[in-house]
Amino acid sequence: AYSIADITGLIAIDFMKPARIRVPEECTNVLRWHAAISSRPSAAA
1 AYSIADITGL
11 IAIDFMKPAR
21 IRVPEECTNV
31 LRWHAAISSR
41 PSAAA
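Numbering-wise, the sequence shown is residues 1 to 45 according to my numbering.
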């Protein structure tokens, strides 16, 4: 299940892409979380 924090975080990180802002490589947990959440079918909706 998604939480409001998951939805907000996913949108925030996805909105960083057009601005060419990246999550720092040392934020491994954030990068892992984003990959996991993004791979869910409901994230593509």
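Glycine included, each C-beta is placed from N, C-alpha and C at the ideal position.
Quantities reported herein were computed from a predicted structural model and do not represent experimental measurements.
Asked	Found
Please state whether DSSP places V23 in a helix, a strand or coil.	coil
Select from D14, R32 and A5 the residue whose C-alpha is nearest the C-alpha of A44.	D14
If you drop the 5 nearest sequence neighbours on each side, which residues of the same chain put their C-beta closer than 7 Å to that of I37?	D6, L10 and A43
When the Cα atoms are used, what is the spatial distance from F2 to R40?	The sequence as given places Tyr at residue 2; Phe does not occur at that position. The straight-line gap from Cα to Cα measures roughly 10 Å.
In this structure, how does DSSP classify A45 when only helix, strand and coil are distinguished?	coil
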